[in-house]
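What follows is a single structure, written as structure tokens, with notes after it.
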Amino acid sequence: MSMRAWFFSENAYHLLPDSKEYDSIRVKLPNRYYDPKIGADLYHRFIDEWKIAEDLGLEIMVNEHHQTATNLNPSAAVVMGALARDTRKARLLILGNPIANRREPVRVAEEMAMVDVYSRGRLECGFVRGVPYEMSAGNHRPTRMMDRFWEAHDLIVKAWTSHDGPFNWEGKYFHHRQVNIWPRPYQEPHPPIWITALSPSSAREVGARGYIAACFLTGFEGTKVVFGSYRERRAELKLPEPALDRFAYAALVYVGETDEEGYAGARKLMWYLESNKVPPQFTSPPGYHPITSAVNAMKGTNPGIFKMFQKPELGALMQNGLVFAGNPDSVYKQIMRMYDHVGGFGHLLIMGQAGFLDHDETVKGMQMFVREVYPRLKALA
Amino acid sequence: MATNVTQTGWMTVHGVRLEIVERGQGQPILWLHGEEGLDPGAPFLDMLAAHGSVLAPSHPGFGHSPDVASIDTVDDLSYLYLDVLAERNLRNVTVVGSSLGGWIAAEMAVKCHDRFSGLVLVAPLGIKVGDRETRDIPDIFALPPDEVARLQYRDPARAAVDHSALSDDQLTVIARNREATALYAWEPYFHNPKLRQWLHRITLPTLLLWGADDRFVTAAYYGDAFRTAIPGARFETVAGAGHFPHIEEPAAFVERVSGFMGERRG
């Protein structure tokens, strides 16, 4: 079972004023700080980097966020449409569509079918709940989100797999009386589904359905719990044991020729964590997090991983498995330490560009990974 | 803010379990709490119970009342409390609601006020006043907590809570109250776009009570819109209070409510 690596960039707009001048990089930072001419150059640069990733043999991952300078892809389908045309062989992962925040799941089904056909069946379709900051951006209620999420999912899958004319959907959250999408997906029965799982309860739901579960920056213990819950749920349901390709882990990754060069690249990637200045009313909208974590937040006893995000420091991030950085041997060992700790995973999602990491540095990090580390991951038994 | 479980009881109406406070004798009073939840130890409850028989439920999701999957709108809550009045066979009830609770009370009264003797709306929310680009009600989910306190309390220090002094149960209630508020009020934000056009159906004696220092929804703007929409409603302000006069000026608040009830009896 060899590991597959995906190159992922959030397409940030990093040319911001001093962070003392604003209280939130998300939701309310005025877009007068965004220069569309610079933005156009950045879009083209990032698309070029994805194409280089493909040329090097990496797969491609895109995500979306809203009302934030940390990510200028408010529509993953749009950028993936461009990449579907511009690439030939890479698998194209959108991770993901925030379907608890989208008003029209049928429109998501259409967009994803379109990208799948456009790319001749290379789409991997992720669904995510959406980050807490985006409750305001989408105006969507943060309570009972997972009910809405799964109803949207059910409707999308049914739209993809129904080929005999319209069906009716009058659910709790979504109403469509004549669902009959054109085009239908290229892949049969539909593109592979990925779901971001950050908690044991969502991992159980994903495991029951046999989809690919992806963990983002959850570190050693968080990831182990999520993957473990996935496996447990399948065992409870007497379903076959999941292969390693059902598990994905995302980290900041930078490979240099030396440890020092790797660390220097990683420090630039840490821009995501350092610049993520967001006040509590946006990080914790009521109902988004479980009641127990709201209580822990009031008591100041949330797990240390939260504090690490508040005051990011390279050593601690590496120690906890959120950053893999250094020379090729170091990075390989760090990845394998995570791999062994969580029972293995088949996909490494490489957050490989951020902030002030320039084009040449980004490409060099990719090249070093592909030449020196990736062959060893592909050769895993 | 502190909730003492031993001061509360339970009732079940059509399968919905509600944590309730019941206190006092005489004319029935239904108290419908707002976003801050039901604090059984709040001084105004005892003061109100000197003038009648107070029934004060925690709405589903608030306090210790369980979430109910099928209840997620103020419309649902208004039918639930009409059912509560019927279940207890209460008549001549003075229904008093504050803020979110005022919205619930107004929705009830629009539907059916056969069991009411009077309605007291304490800085109620629930209607759209201005045009689509006017933010009638500040966005509590997008403002820093201290700014929300400044808008809602004449003396924002009244809103300060020392979390370290509270039990896990008390902190859980605070978190549940916030979550339930989001459930009922997120979108449309603290209002029913249709409510204002039906408020004319409230033909029973109605008192609109407003904190004179309410900076959250002002008497002059939001209060006036309610006054003009409910025919014959009387409008009074409570000096020295912000958006929650029952908390900041409990004696003056209860005096106004009991005065209004006295007129009904007389």
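Protein chains in written order, with my numbering: chain A, 731 to 1111; chain B, 25 to 290. Where a beta carbon is used, it is the ideal one built from N, C-alpha and C, also for glycine.
Would residue i and residue j qualify as a contact pair, given that the criterion is a beta-carbon distance under 8 Å?
| i | j | result |
| --- | --- | --- |
| B/ALA257 | B/THR230 | yes |
| A/LEU825 | A/ILE790 | no |
| A/ALA1024 | B/ALA206 | no |
| A/ALA933 | A/MET1081 | no |
| B/VAL14 | B/ARG225 | Only positions 25 to 290 of chain B appear in the structure, and residue 14 of chain B is not among them; the question remains open. |
| A/TRP1001 | A/GLY901 | no |
| B/GLU46 | B/LEU69 | no |
| B/VAL262 | B/LEU232 | no |
| B/LEU288 | B/GLU260 | Per the sequence shown, the amino acid found at residue 288 of chain B is Arg instead of Leu. For B/ARG288 and B/GLU260, no; Cβs fall outside 8 Å. |
| B/ILE161 | B/TYR213 | yes |
| B/GLU22 | B/ASP179 | Examination of residue 22 of chain B is not possible in this model, given that chain B is present from 25 through 290 alone. |
| A/TRP890 | A/ALA839 | yes |
| A/ALA723 | A/VAL845 | There is no way to answer for residue 723 of chain A, as the model of chain A reaches only from 731 to 1111. |
| B/PHE268 | B/ILE151 | no |
| A/LYS1007 | A/ILE755 | yes |
| A/TRP899 | A/HIS893 | no |
| A/ARG963 | A/GLY937 | yes |
| A/TYR993 | A/LEU1078 | no |
| B/PHE86 | B/VAL119 | no |
| B/PRO81 | B/ASP91 | no |
With a threshold of 16 other CB atoms inside 10 Å of the CB of residue i, please say whether the residue is buried or exposed.
| i | result |
| --- | --- |
| B/PRO305 | The shown model of chain B, from 25 to 290, leaves out residue 305 of chain B, and the question about it has no answer. |
| A/ALA1109 | exposed |
| B/THR27 | In this prediction, B/THR27 scores a pLDDT of 46, lower than 50, which makes its location untrustworthy; no coordinate-derived value is stated. |
| B/PRO217 | exposed |
| A/HIS774 | exposed |
| B/HIS57 | buried |
| A/ARG833 | exposed |
| B/TYR245 | exposed |
| A/ARG859 | buried |
| A/ALA944 | buried |
| B/GLY39 | exposed |
| A/THR1031 | exposed |
| B/VAL29 | Bear in mind that the predicted position of B/VAL29 carries a pLDDT of just 47, short of 50, making it unreliable; the figure below should be weighed with that in mind. When all chains shown are included, B/VAL29 counts as exposed. |
| B/GLN194 | buried |
| A/ARG976 | buried |
| A/TRP912 | exposed |
| A/ALA735 | buried |
| A/GLN797 | buried |
| A/PRO747 | exposed |
| B/GLN221 | exposed |
| A/SER739 | buried |
| B/TRP34 | exposed |
Which first and last residues belong to the beta strand (DSSP E) in which residue i is found?
| i | result |
| --- | --- |
| A/HIS905 | 905 to 909 |
| A/GLN1083 | 1077 to 1083 |
| B/PRO81 | 77 to 81 |
| B/LEU145 | 140 to 146 |
| A/THR988 | Note, A/THR988: premise wrong, no beta strand (DSSP E); not H, not E. |
| B/VAL40 | 40 to 47 |
| A/PRO828 | 822 to 828 |
Can you give me the start and stop residues for the alpha helix (DSSP H) that residue i sits inside?
| i | result |
| --- | --- |
| B/LEU207 | 192 to 209 |
| A/LEU772 | 766 to 786 |
| B/TYR246 | Careful: B/TYR246 lies outside any alpha helix (DSSP H) and carries neither H nor E. |
| B/LEU106 | 98 to 111 |
| A/PHE891 | Before going on, a small fix: residue 891 of chain A reads as Thr here, not Phe. A/THR891 -> alpha helix (DSSP H) spans 875 to 891. |
| A/ALA944 | It is not in any alpha helix (DSSP H) - A/ALA944 instead sits in the beta strand (DSSP E) that spans 942 to 946. |
| B/PRO52 | From DSSP, B/PRO52 is part of no alpha helix (DSSP H) but of the beta strand (DSSP E) over 52 to 56. |
Indicate whether the contact test is met: 3 or more Cβ pairs, each with one atom in the segment 91 to 102 of chain B and one in the segment 179 to 188 of chain B, closer than 8 Å. Under the 8 Å Cβ criterion, the segment 91 to 102 of chain B does not count as touching the segment 179 to 188 of chain B, having fewer than three qualifying pairs.
For the segment 188 to 202 of chain B, enumerate the residues whose C-beta is nearer than 9 Å to any C-beta of chain A, in chain order. SER188, LEU190, ASP192, LEU195, THR196, ILE198, ALA199, ARG200, ASN201, ARG202
Spell out a yes or no on whether the segment 169 to 181 of chain B and the segment 758 to 771 of chain A are touching, meaning 3 or more CB-CB pairs, one atom from each, closer than 8 Å. no
Contact between the segment 875 to 885 of chain A and the segment 840 to 852 of chain A (3+ Cβ pairs under 8 Å): no
Sufficient close CB pairs (3 or more, under 8 Å) joining the segment 998 to 1014 of chain A to the segment 854 to 873 of chain A: As far as the Cβ criterion goes, the segment 998 to 1014 of chain A touches the segment 854 to 873 of chain A, which means the pair count is three or higher.
Count the C-beta pairs between the segment 1093 to 1106 of chain A and the segment 984 to 991 of chain A that are closer than 8 Å, then say yes if the count reaches three, no if not. yes
Report yes or no: do three or more beta-carbon pairs, one from the segment 48 to 56 of chain B and one from the segment 766 to 773 of chain A, lie closer than 8 Å? no
Using a beta-carbon distance cut-off of less than 8 Å, what residues from the segment 164 to 182 of chain B approach chain A? PHE165, ALA166, LEU167, PRO168, PRO169
Can you give me, in chain order, the residues of the segment 1013 to 1043 of chain A that have a beta carbon less than 7 Å from any beta carbon in chain B? PRO1015, PRO1016, GLY1017, ILE1021, ALA1024, VAL1025, MET1028, LYS1029
Flag this pair as touching only if the segment 804 to 814 of chain A and the segment 779 to 795 of chain A have three or more C-beta atom pairs under 8 Å; answer yes or no. yes
According to a CB-to-CB cut-off of less than 8 Å, which residues of the segment 854 to 888 of chain A neighbour chain B? MET865, SER866, ASN869, HIS870, ARG871, PRO872, THR873, ARG874
What residues from the segment 797 to 828 of chain A come within 9 Å of chain B, judged by C-beta to C-beta, listed N to C? none
Of the residues that make up the segment 983 to 1012 of chain A, which ones have a beta carbon closer than 7 Å to any beta carbon in chain B? PRO1009, GLN1011
Taking contact to mean 3 or more Cβ pairs, one atom from each stretch, closer than 8 Å, check whether the segment 1044 to 1052 of chain A and the segment 914 to 925 of chain A are in contact. no
Residues of the segment 42 to 54 of chain B with Cβ closer than 8 Å to any Cβ of chain A, in chain order: none
Using a Cβ-Cβ cut-off of less than 8 Å, list which residues of the segment 207 to 221 of chain B approach chain A; keep chain order. LEU207, TRP210, GLU211
Compile a chain-ordered list of the residues in the segment 74 to 97 of chain B whose CB is closer than 8 Å to at least one CB of chain A. Answer in chain order: ASP96.
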